[in-house]
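Engineer: Quick note: my numbering has the sequence shown finishing at residue 1384, numbered continuously throughout. Please read through the structure below; I'll follow up with questions.
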Amino acid sequence: MARIRRSRSAAPRARLRWTKDLPVGKHADKHHRITGARLAKDALGRHIAFRVTTLAQVPGPRPGPEVGVDAGITIPLALSDGEVVEHGPWPTKKEEARLLHYEQRAARRKGHRKKGRRTGRRPHKTYDQIARIRATVKRRRDDWQHKTTTSIAETYGTVVVEALSITNMVKSAKGTAEQPGENVAQKAGLNRSILGEAWGRTVQLLAYKVARRGGRLAEVPAPGTSQECAQCHTVTAGSRRTQAGFVCNDPACGWEGNADHNAARTVPRRYRTGHALVPAAGRAVVRRASHGVKPATAR
């Protein structure tokens, strides 16, 4: 970063692109004002995030259709009304090839560097190229998530999602030396795909966008949604024939359809039958009394 001297002409110029209006000038008062700012930097540049205090009306209950959302890999988001929300590959084929090329180059240069020796300019330049590609992919995913969650929040009054335990879902299959795992490479690839979809962040964005519009976001238990038939509500072994195919094995039903849409239809039914989980914001926070803080129930 260039050193800013006392001379005004020596100060580096910065080009700003505003994304939202700020309460400044005649639009600022004691209820609408900037209370802080944070300068952040990534591989693509810098941006400033302002903390703003403002008054907003509490939205009233918003009547609207109910929808269940099933998150997946092949189909990113399947909705219970039959809609599908998809996206292209986060890194393009060209970006994947460039990323692999730079990673291999960085590995070679790291292998040639002697232990205890400082990293030179060339490896740092390669690391910066890798970081720029990854930052571009992240911004592309964030843009898709914001646009998708905004559309869902504006269309539906109640959104029901699965309470996924992503930490358990992406556990490694390596096992131990005594009991080595099976299909380790395939499980590692699946884990990368799950983390790349960032399902947890999608739910976080939905939570505040739905609440801001007066809607409701509910979570239901996830186990069994892929095996339960959305038509007759029974669970039979082997009903999910393939990744995308679901055929109910109950002789009295025999419903056939897409497995992701079947799970998306099962999710709102669990909500209607009283299986919704308590949201994180509604749970009581209990602290240890030994630290001098009273428990939440004693306040």
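Ideal placement from N, C-alpha and C gives every residue a C-beta, glycine not left out.
Using a 10 Å radius around the Cβ and a threshold of 16 neighbouring Cβ atoms, would you call P1353 buried or exposed?
Structural biologist: Numbered from 1 along the sequence shown, position 268 holds the residue referred to as residue 1353. Classification for P1353: buried.
Engineer: Tell me the rounded alpha-carbon separation between G1260 and G1266.
Structural biologist: The sequence position of residue 1260 within the sequence shown is 175, counting from 1. The sequence position of residue 1266 within the sequence shown is 181, counting from 1. If I take the Cα positions, the gap works out to 5 Å.
Engineer: If distances are taken between C-alpha atoms only, which option among A1128, V1137 and E1151 comes closest to Y1241?
Structural biologist: For this step, residue 1241 is matched to residue 156 along the sequence shown. Per the Cα distances, E1151.
Engineer: Out of N1276, T1287, V1295 and D1345, state which residue places its alpha-carbon closest to the alpha-carbon of A1310.
Structural biologist: On the sequence shown, residue 1310 is found 225 positions in, with the first residue counted as 1. Residue identity check: residue 1310 is Thr in the sequence provided, not Ala. With distances taken between Cα atoms, T1310 lies closest to D1345.
Engineer: Can you name the start and end residues of the alpha helix (DSSP H) that K1232 belongs to?
Structural biologist: Indexing the sequence shown from 1 puts residue 1232 at position 147. Run containing K1232: R1206 to T1240, per the alpha helix (DSSP H) assignment.
Engineer: What's the C-alpha gap between S1324 and Q1312?
Structural biologist: On the sequence shown, position 239 is the one that residue 1324 refers to. On the sequence shown, position 227 is the one that residue 1312 refers to. Taking the straight line from one Cα to the other gives about 6 Å.
Engineer: Just verifying my parser: in three-state terms, what is the DSSP assignment at T1358?
Structural biologist: Within the sequence shown, residue 1358 is the residue found at index 273, counting from 1. If DSSP states are grouped into helix, strand and coil, T1358 belongs with coil.
Engineer: Let me know the secondary structure DSSP gives R1372 once reduced to three states.
Structural biologist: Translated into the one-based positions of the sequence shown, residue 1372 becomes position 287. At R1372 the pLDDT is 39, less than 50, meaning the model places this residue with poor confidence; the figure from the coordinates comes in the next sentence. Looking at R1372 - three-state DSSP - the assignment turns out to be coil, as it is neither helix nor strand.
Engineer: Given this structure, state the Cα-to-Cα distance separating R1102 from A1122, to the nearest angstrom.
Structural biologist: Translated into positions along the sequence shown, residue 1102 becomes position 17. Translated into positions along the sequence shown, residue 1122 becomes position 37. If I take the Cα positions, the gap works out to 16 Å.
Engineer: Using a 10 Å radius around the Cβ and a threshold of 16 neighbouring Cβ atoms, would you call T1139 buried or exposed?
Structural biologist: Counted from its first residue, the sequence shown places residue 1139 at position 54. The residue is exposed, with fewer than 16 neighbouring Cβ atoms inside 10 Å.
Engineer: In this structure, how does DSSP classify R1123 when only helix, strand and coil are distinguished?
Structural biologist: Locating residue 1123 in the sequence shown gives position 38, where the first residue counts as 1. Three-state result, R1123: strand.
Engineer: Looking at C-alpha atoms only, which residue of T1233, L1290 and S1278 is the closest neighbour of E1168?
Structural biologist: The count along the sequence shown starts at 1 and reaches residue 1168 at position 83. Measuring from the Cα of E1168, the nearest candidate turns out to be T1233.
Engineer: Among all the DSSP beta bridges, which residues are the ones paired with H1132?
Structural biologist: What you label residue 1132 is simply residue 47 of the sequence shown in a count that begins at 1. H1132 pairs with A1125.
Engineer: Which of the three DSSP states, helix, strand or coil, is assigned to V1320?
Structural biologist: Looking up residue 1320 in the sequence shown gives position 235. In the structure shown, V1320 sits in a strand (DSSP, three-state: E or B).
Engineer: Quickly, what does DSSP pair E1263 with across the bridge? List them, please.
Structural biologist: As a working mapping, residue 1263 is identified with position 178 in the sequence shown. BP columns for E1263 are empty, so no partner.
Engineer: Would you tell me roughly how many angstroms separate the C-alpha atoms of T1042 and D1127, rounded to the nearest one?
Structural biologist: Given a span of 1086 to 1384 for the chain in the structure shown, any question on residue 1042 remains unanswerable.
Engineer: Report the start-end ranges of each beta strand (DSSP E) in the segment 1278-1355 that is 3 residues or longer and not cut off at the edges.
Structural biologist: Qualifying beta strand (DSSP E) stretches, in chain order: 1301-1306, 1330-1332 and 1341-1343.
Engineer: Could you have a look at L1107 and say whether DSSP puts it in helix, strand or coil?
Structural biologist: Here residue 1107 refers to the residue found at position 22 of the sequence shown. Of the three classes helix, strand and coil, the one that applies to L1107 here is coil, per DSSP.
Engineer: Do you know offhand how far Y1293's Cα is from A1337's?
Structural biologist: Counted from its first residue, the sequence shown places residue 1293 at position 208. Counted from its first residue, the sequence shown places residue 1337 at position 252. The alpha-carbon atoms of Y1293 and A1337 are separated by roughly 42 Å.
Engineer: Bridge partners of E1247, per DSSP?
Structural biologist: Here residue 1247 refers to the residue found at position 162 when the sequence shown is read from its first residue. Paired residues: V1305.
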